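Report on the following structure.
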Amino acid sequence: MKYRRLIKNDDLYTFRIQIKESDILISAEKDLKIEAEEILIDVRRDIEDYISRDPIYLTTFEPYKPKSDAPPIIKEMAEAGLSANVGPMAAVAGAIAEKLTKRLRLFSEEVIVENGGDIFMESKKPRKVGIYAKSGFFNNLTMAIEPEEMPISVCTSSGVMGRSISLGKADVSLVLAKSGALADAWATRIGNLILEKSDITKAIKEIEDIKEIQGAIIIKDDQIGLYGKGFRLVEPS
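Take the sequence shown: its letter number 10 is residue 16 in our numbering, and every next letter is one higher.
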């Protein structure tokens, strides 16, 4: 995964965990691989067990209300999907990244979790994240995030790269929010809206009233749209 070279956290211990479809890169103050694997198994079990008795949750592209006794992560993903008008599974990578980060904070004050291009981070120092865009116009962008903005989720969707399903053709649709599920769902929603360069303005207008969204970056061909706060673009290091 080329984009993983663009995550700037050389002062932390970085390791990878893989369980079924999940392929996750984690940085912390020490090796927490065993703890991270146990947490991931636990989180995945909640999702998998619920889907086994409510399979529509897995396949729908529309907002979906889960059963009243669904686990918290299932309800969080559904709420994010409702906000962004997408299916709940559009929020799964961001939601898992957040759960891992928050539970690993019991063992490390600084934690950065990257799950398929979706990041959740908690840090006491500024962090840089590179933006990997297929478009040659913006393939060296780097964003800096200050400690006062954290914890924060940085989630990305693309209609031209990666395995995630997108109904649009954005090179990059990136959203920053406090909620991993919400950032992931809205990255998908914005990405679905981008078919032409002119759609960037329309997409930004759609998120202006969503107070939970702190910032967004949208790239289509040779055009870029920037929205909100919570980040600044800097020279790559």
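Glycine included, every Cβ here is placed at the ideal spot set by N, Cα and C. Keep in mind that this is a model prediction, so the values were computed, not measured.
#1: Mind checking which residues open and close the beta strand (DSSP E) that includes Thr162?
#2: Distance, Cα to Cα, Leu64 vs Met95?
#3: Give me the Cβ distance between Ser114 and Lys36, rounded to the nearest whole Å; I'm assuming they're in contact under 8 Å.
#4: Considering only the beta carbon of each residue, do Tyr56 and Ile80 sit closer than 8 Å?
#5: Roughly how many angstroms separate the alpha carbons of Pro77 and Val92, rounded to a whole number?
#6: For Phe237, collect the residues of the same chain with a Cβ closer than 7 Å to its Cβ; drop the 5 residues on either side in sequence, then sort them by chain order.
#7: With a Cβ-Cβ cutoff of 8 Å, do Ile200 and Ser179 count as a contact?
#8: Out of curiosity, what's the CA-to-CA distance linking Leu12 and Pro132?
#9: From the DSSP output, in three-state form, read off Asp29 for me.
#10: Rounding to the nearest angstrom, what Cα-Cα distance links Met156 and Met127 in this structure?
#11: Would you list the residues sitting across from Ile225 in a DSSP beta bridge?
#12: Can you have a look at Asn198 and say buried or exposed, based on whether 16 or more other CB atoms are within 10 angstroms of its CB?
#13: Starting from Gly123 and walking both ways along the alpha helix (DSSP H), at which residues does that stretch end?
#14: What is the DSSP secondary structure of Thr148, counted as helix, strand or coil?
#15: Along the chain, where does the alpha helix (DSSP H) that runs through Leu199 open and close?
#16: Could you tell me the alpha carbon to alpha carbon distance between Met83 and Phe67, rounded to whole angstroms?
#17: In chain order, what residues of the same chain lie with their CB nearer than 7 Å to the CB of Lys39, ignoring the 5 residues before and after it?
#18: Counting only the same chain and skipping the five closest in sequence on each side, list residues whose C-beta sits under 6 Å from that of Val240.
#19: Pair every Cβ in the stretch 188–196 with every Cβ in the stretch 210–220, then say whether three or more of these pairs are closer than 8 Å.
#20: Just checking: is the beta-carbon of Thr162 within a distance shorter than 8 Å of some beta-carbon in chain C?
#21: Using only CA atoms, which one of Ile219, Ala176, Asp205, Lys208 lies nearest to Leu188?
In terms of the structure at hand:
#1: 158–163
#2: 6 Å
#3: 6 Å
#4: yes
#5: 19 Å
#6: Met149, Ala150, Ile151, Leu182, Gly221
#7: Yes, these two residues count as a Cβ contact at 8 Å.
#8: Interpretation of Leu12 is limited by its pLDDT of 49, a score under 50 that renders its predicted location unreliable; the figure taken from the coordinates is listed afterwards. Their Cα atoms are separated by approximately 15 Å.
#9: strand
#10: Cα-Cα distance, rounded: 7 Å.
#11: Val178, Ile230
#12: buried
#13: Careful: Gly123 lies outside any alpha helix (DSSP H) and carries neither H nor E.
#14: DSSP places Thr148 in strand when its eight states are reduced to three.
#15: 186–199
#16: 13 Å
#17: Result list for Lys39: Phe21, Ile23, in chain order.
#18: Thr148, Ala150
#19: Below 8 Å, enough C-beta pairs join the stretch 188–196 and the stretch 210–220 to call them touching: three or more.
#20: Among the chains of the structure shown, chain C does not appear; only one protein chain is present.
#21: When Ile219, Ala176, Asp205, Lys208 are compared, the shortest CA-CA separation from Leu188 is found for Ile219.
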